[in-house]
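Encoded as structure tokens, the structure appears first; notes follow it.
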Amino acid sequence: MTIQAPEQITINKENSVSYPASAKFFHWAIALIILLNLITGVILVNFYSLSKQLNLFIIHEQCGVTVLMLAILRLIWRLSHKYPSLDGLIAKHEILLAKFGHLLLYALMFAIPICGILLSQSSGKHPGLLWFQLPTLIERDLDLREQLFNLHKYLAILITTIVAGHVIAALKHHFIDKNQILTHMLPWSKNK
Ligand code: HEM
Ligand code: HEM
Numbered sequence: 005m006t007i008q009a010p011e012q013i014t015i016n017k018e019n020s021v022s023y024p025a026s027a028k029f030f031h032w033a034i035a036l037i038i039l040l041n042l043i044t045g046v047i048l049v050n051f052y053s054l055s056k057q058l059n060l061f062i063i064h065e066q067c068g069v070t071v072l073m074l075a076i077l078r079l080i081w082r083l084s085h086k087y088p089s090l091d092g093l094i095a096k097h098e099i100l101l102a103k104f105g106h107l108l109l110y111a112l113m114f115a116i117p118i119c120g121i122l123l124s125q126s127s128g129k130h131p132g133l134l135w136f137q138l139p140t141l142i143e144r145d146l147d148l149r150e151q152l153f154n155l156h157k158y159l160a161i162l163i164t165t166i167v168a169g170h171v172i173a174a175l176k177h178h179f180i181d182k183n184q185i186l187t188h189m190l191p192w193s194k195n196k
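If you count the sequence shown from 1, you need to add 4 to reach the numbering used here.
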């Protein structure tokens, strides 16, 4: 038996749950840029001369502001569309855990770039995206910079931990539970 849920969503007894193409675009574009920024961030802090040679700060800043812009569009998209439900595919406590993890990931998609922008402004820089400059929210303040630097670092550690749990859960769905959740989130899977 196949139950057709409204809009682009399909749930059937083979544990099939299709993610719309826009959901996949937002998911993978943001995931890739965040992973890139975690790497460039660590290089920025630990390998100063390499960062200068590669202009890493500009790359880190532009990618980070892009994450913020995409996260705003993603949230609007997410709140205005129906989304595949995990009901009946995995245990209730796993659904709750997944929802909590997703909520935290959404919060961090906003919190990390905003903290980065404030960190940059507290050093007297004026970050933006391409030719658009962001509004200056704080003036140069080196004491505040220290605190924002630590906050930015701890938030980056937190997202790394949650993403690690998220990936383990996705692999468990695939290899142990043998359901289609991961397959249907992959960019090359067909939108049924
Ligand atoms: C998703 C977005 C972002 C992620 C995942 C991220 C991640 C990181 C990480 C992991 C570090 C190194 C922390 C450490 O090891 O102590 C870092 C440093 C830094 N980030 Fe970000 N960041 C993001 C966005 C931004 C944005 C938007 C800006 C500014 C516009 C920014 C500005 C900085 C600055 C100024 C540093 C310190 C560099 C230094 O003092 O040498 N970040 N970031
Ligand atoms: C920085 C990296 C990542 C972030 C921020 C992230 C965030 C999210 C969020 C917020 C959702 C909830 C659905 C939505 O609103 O679109 C989700 C779903 C999902 N993610 Fe990720 N993700 C990341 C990396 C990954 C990776 C590397 C994998 C694969 C191993 C993965 C696999 C999945 C799957 C299979 C789902 C659907 C599961 C469900 O709906 O519960 N994600 N992700």
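C-beta atoms are modelled at their ideal positions from N, C-alpha and C, and glycine is treated no differently. These numbers were taken from a predicted model, which means no experiment stands behind them.
From residue i to residue j, what distance separates their C-alpha atoms?
i: lysine 28; j: arginine 149; result: 36 Å
i: glutamine 12; j: serine 89; result: Residue confidence is low: glutamine 12 scores 40 on pLDDT, short of 50, so the model does not pin down where it sits. Its coordinate-derived value is still stated next. Distance between the alpha carbons of glutamine 12 and serine 89: 12 Å.
i: glutamate 65; j: leucine 48; result: 11 Å
i: asparagine 50; j: leucine 190; result: 33 Å
i: glutamate 18; j: glycine 128; result: Since pLDDT at glutamate 18 reaches only 45, below the 50 mark, its modelled position is unreliable, and the value read off the structure follows with that caveat. Roughly 56 Å separates the two Cα atoms.
Is it true that the CB of residue j sits closer than 9 Å to the CB of residue i?
i: leucine 72; j: phenylalanine 30; result: no
i: arginine 3; j: isoleucine 34; result: With the chain covering 5 to 196 only, the question about residue 3 has no answer from this structure.
i: leucine 109; j: glutamine 125; result: no
i: leucine 138; j: valine 69; result: yes
i: histidine 178; j: isoleucine 94; result: no
i: serine 22; j: histidine 188; result: yes
i: glycine 105; j: isoleucine 166; result: yes
i: serine 53; j: phenylalanine 61; result: no
Using CA atoms only, rank isn't needed, just tell me which of the options is closest to residue i.
i: alanine 170; options: Lys56, Ser53, Leu186; result: Looking at the sequence shown, residue 170 is not alanine but histidine. With distances taken between Cα atoms, histidine 170 lies closest to Leu186.
i: alanine 75; options: Ile43, Leu36, Asp147, Pro131; result: Leu36
i: asparagine 41; options: Leu107, Ser22, Phe104, Ile163; result: Ile163
i: leucine 101; options: Leu122, Gly45, Ala174, Val46; result: Ala174
Assuming residue i is part of the alpha helix (DSSP H), what are its boundary residues?
i: arginine 149; result: 146–179
i: asparagine 59; result: Neither: asparagine 59 is in no alpha helix (DSSP H) and is coded neither H nor E.
i: histidine 85; result: That residue, histidine 85, is in no alpha helix (DSSP H); it is neither H nor E in DSSP.
i: serine 26; result: 25–50
i: lysine 96; result: 96–126
inquiry  = For the pair the stretch 87–107 and the stretch 143–159, tell me if three or more CB-CB distances fall below 8 Å.
reply    = Taking 8 Å as the limit for Cβ pairs, the verdict is that the stretch 143–159 does not touch the stretch 87–107.
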